[in-house]
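Notes follow the structure.
There are 2 protein chains.
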Amino acid sequence: MDRWYNIGADLPIPLPPPKDPDDGDSRIALLTKILPSALIDQEFTAERWIPIPEEVREAYARMGRPTPFRRAEGFERKLGVKVHIYYKYEGALPVGSHKLNTALAQAYYAKLDGAEEVATETGAGQWGMAVSLAAALFGLKATVFMTRSSYNSKRQRVTFMKAYGATVYPSPSDVTETGRKFNKPDHPGSLGIAISEAVEYTLAGERRRYLPGSVLEFVLIHQSVIGLEAIEQMPEEPDYAVGCVGGGSNFGGFTYPMIGMKLRGEGFEKTRFLAAESAAAPKLTSGDYRYDFPDAVGVLPMIKMYTLGHDFVPPAVHAAGLRYHGAAPSLSVLKRLGLVEAVAYRQEEVFEAAVMFARSEGIIPAPESSHAIRAVADLAKKLPPGSVIAFNLSGHGLLDVDAYEKAHVA
Amino acid sequence: MDRWYNIGADLPIPLPPPKDPDDGDSRIALLTKILPSALIDQEFTAERWIPIPEEVREAYARMGRPTPFRRAEGFERKLGVKVHIYYKYEGALPVGSHKLNTALAQAYYAKLDGAEEVATETGAGQWGMAVSLAAALFGLKATVFMTRSSYNSKRQRVTFMKAYGATVYPSPSDVTETGRKFNKPDHPGSLGIAISEAVEYTLAGERRRYLPGSVLEFVLIHQSVIGLEAIEQMPEEPDYAVGCVGGGSNFGGFTYPMIGMKLRGEGFEKTRFLAAESAAAPKLTSGDYRYDFPDAVGVLPMIKMYTLGHDFVPPAVHAAGLRYHGAAPSLSVLKRLGLVEAVAYRQEEVFEAAVMFARSEGIIPAPESSHAIRAVADLAKKLPPGSVIAFNLSGHGLLDVDAYEKAHVA
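Printed below as a string of structure tokens:
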């Protein structure tokens with residue numbers, strides 16, 4: 001794969017650009033100071049295809065790309081359906097999720113800017129692990145601000161971030177002013193505080209860049225490697241392509257290259273696209289379409305999206321990666337146009353599907369990805385024999401033992 | 001791959017057969033009662049090639065075989081060597097280790113015998129996870145006796161065994177006579193007690209079979225799929241082929257097909273074979289070559305091997321899979337003949353290599369496999385430029401967070 005795909009070039013209506021709120025502080029100007037410069041260009045580009053730099057292509061290959069694309073025959077039998085089910089498996093990457101695809105690109109561009117260090121925030125730790133590894137591979141220092149509640153409960157990902165060489169601070173930390181304001185030993189932290197800390201930390205030092213894991217469009221552009229590979233690997237075009245949605249990056253990465261071909265009349269005419277979200281954060285099925293901050297405290301520019309409000313606090317569910325109030329602007333446009341459909345699931349029904357998948361396909365799926373599996377199971381039962389479903393298995397659940405324990409599946 | 005390789009057919013001297021001790025109780029007769037019958041045949045066969053049943057071939061493919069074979073260029077650069085380093089990656093299997101290769105075969109043969117349930121013991125849980133998944137895939141019930149100390153400390157693997165549908169008892173349990181003899185709440189258990197419980201449990205029920213994960217020759221025959229694939233995948237013959245050794249199954253699986261070709265004059269003339277063991281259980285470097293029990297309590301037949309004595313209790317080290325007193329009979333013969341060399345490492349030097357590998361190749365290696373990585377690093381530094389090393393990365397360490405935490409690498 002030598003280029004990424006940008007759906008911005010094919011959308012029937014222009015993508016609403018990020019904008020600043022009316023309080024006089026330009027978040028867009030801030031972004032240009034802290035992001036690797038190539039990412040700013042990618043965020044606003046109208047190009048359909050973005051060349052993947054050779055160093056990133058090499059890193060993709062060394063980390064195991066292309067990832068497997070498999071038929072789930074055991075799961076089909078378990079469900080008792082005559083539907084063909086295929087999955088793209090991003091858990092094959094060493095950090096266990098798709099997050100590495102954009103982390104590698106972002107770390108590379110940071111290095112290209114002359115940066116020596118990258119900083120970011122992380123909740124459950126998937127993004128922090130991806131950044132920690134990407135930084136190690138490109139010879140950069142990594143500093144990760146992790147919400148303290150997760151830092152204390154997700155020791156696996158903390159340990160492995162450190163094994164990759166990253167410095168990990170429980171947030172609120174004492175290394176930023178923002179952190180010191182909140183830093184009491186029992187403060188659980190929040191992703192909003194952690195973002196503010198990472199941004200402040202980036203601004204405070206020389207040769208530092210901030211790497212965001214969330215809904216910005218360039219993140220989805222990098223993730224398009226998933227779908228571009230899948231298109232080459234799939235033996236038949238699906239009736240449904242399915243993915244789970246937190247902010248939209250694994251879903252967009254998997255489906256956009258197919259949606260683009262559909263929009264351009266080059267294939268996937270019959271394919272429908274289904275986003276599976278958590279009933280704990282149902283922005284696509286129950287949110288408003290409006291400008292809102294992508295982060296809880298308003299550090300980043302506002303984007304137009306389906307949102308539950310940037311101050312929405314989702315209930316605690318095991319699929320931490322889906323506990324997000326908004327959906328990427330491009331995904332929101334596609335949903336609005338009816339090109340993407342959405343369904344929300346409660347976690348009990350999700351874990352039931354996860355266990356069926358594990359027992360028939362071997363892979364313990366991530367709680368997030370299991371939402372897609374639930375959707376696939378439901379579709380498979382109602383579609384006529386001979387139908388085809390393809391989904392993105394965005395990660396494995398081997399680091400989510402708490403989720404499996406608490407879900408009482410075991 | 002449609003056949004396994006049996007090195008017994010090519011050894012320069014006959015493999016010493018299992019034998020019973022002089023106490024009058026025939027362990028060999030016991031084995032024939034509890035093992036799937038095909039395994040008894042395989043244990044004693046003189047055939048060089050054993051056809052892999054179609055159902056097992058399909059299961060291998062569905063679980064991700066062939067596994068990747070990769071060049072470790074990042075690790076080469078990190079070491080600063082001009083040596084080519086390749087690795088076969090068995091951690092790509094869904095349970096995270098090579099153990100699944102024989103578990104699938106054994107579960108299949110149990111089913112062929114009409115069994116409805118399989119039983120086994122497990123220490124750290126790698127073997128238990130492999131059996132749990134294999135049983136689920138072949139529609140069998142799985143019952144696992146896990147040493148209580150591990151049951152209490154390794155919740156990841158306990159949880160995932162249960163997610164696969166297995167019943168897991170901390171051993172000593174209250175479901176066998178053996179277990180009840182020892183069953184006090186604070187008894188930590190031992191692998192010997194757990195084996196005895198699994199054997200007793202198997203004998204006590206209808207349609208049950210016992211699946212052993214350890215040093216029996218058929219286990220190594222099934223693992224030969226690793227090396228047979230690697231031979232097809234490797235672009236150049238190595239000067240050294242390296243693996244870690246617990247009982248010998250991943251090492252034998254990787255190297256025997258190459259050693260066989262060397263013995264038959266068909267290739268690998270220049271290749272040397274290096275076994276990396278733990279200094280905590282240094283049977284190949286410090287053990288005696290004699291008949292001994294493969295299990296701590298003498299339930300199984302005696303085999304001739306390098307051994308530290310079946311009552312040897314290795315110190316607690318993080319690489320639980322290497323805490324084993326003996327080495328498979330075929331491996332012991334090869335070591336005795338000088339066809340296999342051995343080296344023992346302390347765990348501190350092993351974790352240093354593990355972290356270097358993680359930061360340059362992305363994969364967090366299992367503590368066991370990290371012994372091979374340490375050996376590779378040492379070889380790479382002393383071999384002339386242009387030399388080639390291939391090793392078996394038998395598993396990932398994502399379920400070994402305790403080991404990484406306690407090793408203070410993080």
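Quick note, the sequences are listed as chains A and B, same order. In this text, residue positions in the first sequence follow the UniProt record's numbering: the first is 1, and each later residue adds one. In this text, residue positions in the second sequence follow the UniProt record's numbering: the first is 1, and each later residue adds one. Ideal placement from N, C-alpha and C gives every residue a C-beta, glycine not left out.
Query: Would you report the Cα separation of residue 7 of chain B and residue 89 of chain B, rounded to the nearest angstrom?; Result: 22 Å
Query: Would you decide whether residue 207 of chain B is buried or exposed? Buried here means 16 or more other CB atoms lie within 10 Å of its CB.; Result: exposed
Query: Please name the residue, chosen from B/320, B/299, B/315, B/215, that lies closest to residue 33 of chain B on a Cα-to-Cα basis.; Result: B/299
Query: Using 8 Å as the limit for Cβ to Cβ distance, is residue 63 of chain A near chain B?; Result: yes
Query: When DSSP builds the beta bridges, which residues end up paired with residue 49 of chain A?; Result: A/5
Query: Secondary structure at residue 13 of chain A, three-state DSSP: helix, strand or coil?; Result: coil
Query: Which stretch, first to last residue, makes up the beta strand (DSSP E) that contains residue 70 of chain B?; Result: 69-71
Query: Between residue 337 of chain B and chain A, is the shortest Cβ-Cβ distance under 8 Å, so that the two count as touching?; Result: no
Query: Does residue 68 of chain A come within less than 8 Å of chain B when only Cβ atoms are used?; Result: yes
Query: Drop a sphere of 10 angstroms on the beta-carbon of residue 52 of chain A, count the other beta-carbons inside from all chains shown, and report buried for 16 or more, exposed for fewer.; Result: buried
Query: Taking residue 284 of chain A as the reference, which of A/272, A/12, A/305 has the closest Cα?; Result: A/305
Query: Just to confirm the assignment, what range does the beta strand (DSSP E) spanning residue 85 of chain B have?; Result: 84-89
Query: Can you give the Cα-Cα distance for residue 66 of chain B and residue 60 of chain B, rounded to whole angstroms?; Result: 8 Å
Query: Going straight from the alpha carbon of residue 151 of chain A to that of residue 390 of chain B, what length do you get?; Result: 38 Å
Query: Would you say residue 202 of chain A and residue 110 of chain A are within 8 Å of each other, going by their C-beta atoms?; Result: no
Query: Can you give me the Cβ contacts of residue 77 of chain A inside the same chain, cut-off strictly under 6 Å, excluding the 5 residues immediately before and after it?; Result: none
Query: So which of B/162, B/197, B/156, B/193 has the shortest CA-CA distance to residue 175 of chain B?; Result: B/197
Query: Alpha carbon to alpha carbon, what distance is there between residue 323 of chain A and residue 287 of chain A?; Result: 14 Å
Query: Whole angstroms are fine: how far does the CA of residue 342 of chain A sit from the CA of residue 242 of chain A?; Result: 10 Å
Query: Give me the Cα-Cα distance between residue 20 of chain B and residue 210 of chain B, rounded to the nearest whole angstrom.; Result: 19 Å
Query: Buried or exposed: residue 94 of chain B, going by 16 or more other Cβ atoms within 10 Å of its Cβ?; Result: buried
Query: Compare the C-beta of residue 364 of chain B with all C-beta atoms of chain A and state if any pair is closer than 8 Å.; Result: yes
Query: Kindly indicate which three-state DSSP category residue 176 of chain B falls into: helix, strand or coil?; Result: coil
Query: Whole angstroms is fine: what's the gap from residue 279 of chain A's alpha carbon to residue 24 of chain A's?; Result: 36 Å
Query: If you reduce the DSSP assignment to three classes, tell me which class residue 288 of chain A lands in.; Result: strand
Query: Is there at least one Cβ from chain C nearer than 8 Å to residue 73 of chain B's Cβ?; Result: Protein chains in the displayed structure are A and B, and chain C is not among them.
Query: Name the two residues that bound the continuous beta strand (DSSP E) containing residue 394 of chain B.; Result: That residue, residue 394 of chain B, is in no beta strand (DSSP E); it is neither H nor E in DSSP.
Query: Using only the alpha-carbon positions, how far apart do residue 166 of chain B and residue 200 of chain B sit?; Result: 18 Å
Query: Against residue 155 of chain A, what residues of chain B qualify as contacts under a CB-to-CB distance less than 8 Å, listed in chain order?; Result: 401, 405
Query: State the Cα-Cα distance for the pair residue 13 of chain A and residue 249 of chain A, rounded to the nearest angstrom.; Result: 20 Å
Query: Where DSSP assigns a beta bridge to residue 273 of chain A, which residues make up the other side?; Result: A/241, A/340
Query: Counting only beta-carbon atoms, is residue 271 of chain B nearer than 8 Å to chain A?; Result: no
Query: Can you tell me whether residue 212 of chain B is buried or exposed? The criterion is at least 16 other CB atoms within 10 Å of its CB, across all chains shown.; Result: buried
Query: With a threshold of 6 Å on Cβ separation, who are the neighbours of residue 261 of chain B within its own chain once the five nearest residues in sequence on each side are excluded?; Result: 267, 268
Query: Counting only beta-carbon separations shorter than 8 Å, does residue 118 of chain B have a partner in chain A?; Result: no
Query: Cutting at 7 Å between CB atoms, please list the residues of its own chain near residue 92 of chain A, excluding the five before and the five after it.; Result: 64, 67, 68
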